[in-house]
Amino acid sequence: MKVVVDDLEVQVRNINYRQKKGLQGEYMDVYGKSAKIKQKDFNLLLASVAEIAFSNPEEAFKDYDSITEDKILIQTLMDYLELSDQSKKIEGD
1 MKVVVDDLEV
11 QVRNINYRQK
21 KGLQGEYMDV
31 YGKSAKIKQK
41 DFNLLLASVA
51 EIAFSNPEEA
61 FKDYDSITED
71 KILIQTLMDY
81 LELSDQSKKI
91 EGD
């Protein structure tokens, strides 16, 4: 699967059903409880995305700054959970 962020196109692994359901739960744990999101919880959610998307996340992100890394992981999360315009185009909605 390809994720597009700014002018970057990044190849990530596809997500399976079990991983998707797990991410949905983590996403709701972070975003569903309150309007105030804890940075630690948010970072752990992105780490879960990175571990699904890449066989070696540290290697995959060695050439990116932390802002670009977070943008890629957030877009990947949105695509995995079919919450982005990009994912809706892929799914044909």
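Following our numbering, the numbering of the sequence shown begins with 1 at its first residue and continues without gaps. Think of the CB as a built atom: it goes at the ideal place given N, C-alpha and C, for glycine as much as any other residue. None of the values given here were measured: they were computed from a predicted structure.
Bridge partner(s) assigned by DSSP for residue i
i: Glu9; result: Val4
Beta-carbon proximity check, residue i vs residue j, cutoff 8 Å
i: Asp70; j: Leu46; result: yes
i: Ile72; j: Ile15; result: no
i: Leu81; j: Tyr27; result: yes
i: Met1; j: Asp79; result: yes
i: Leu77; j: Leu23; result: yes
Sequence-distant residues of the same chain with beta carbon closer than 6 Å to residue i, five excluded per side
i: Val5; result: Lys71, Ile72 and Gln75
Cβ distance (whole Å) where residue i is taken to contact residue j below 8 Å
i: Phe54; j: Val12; result: 7 Å
Chain-order list of residues whose beta-carbon lies under 7 Å from that of residue i (same chain, five-residue window excluded)
i: Thr68; result: none
i: Lys60; result: The sequence as given places Ala at residue 60; Lys does not occur at that position. The residues are Phe54.
i: Val30; result: Ile37, Asp41, Phe42 and Leu45
Sequence-distant residues of the same chain with beta carbon closer than 8 Å to residue i, five excluded per side
i: Ser48; result: Gly22, Leu23 and Glu26
Sequence ranges, alpha helix (DSSP H) only - wholly within the stretch 32-65, length at least 4: Within the stretch 32-65, the complete alpha helix (DSSP H) runs of at least 4 residues are 39-53 and 57-60.
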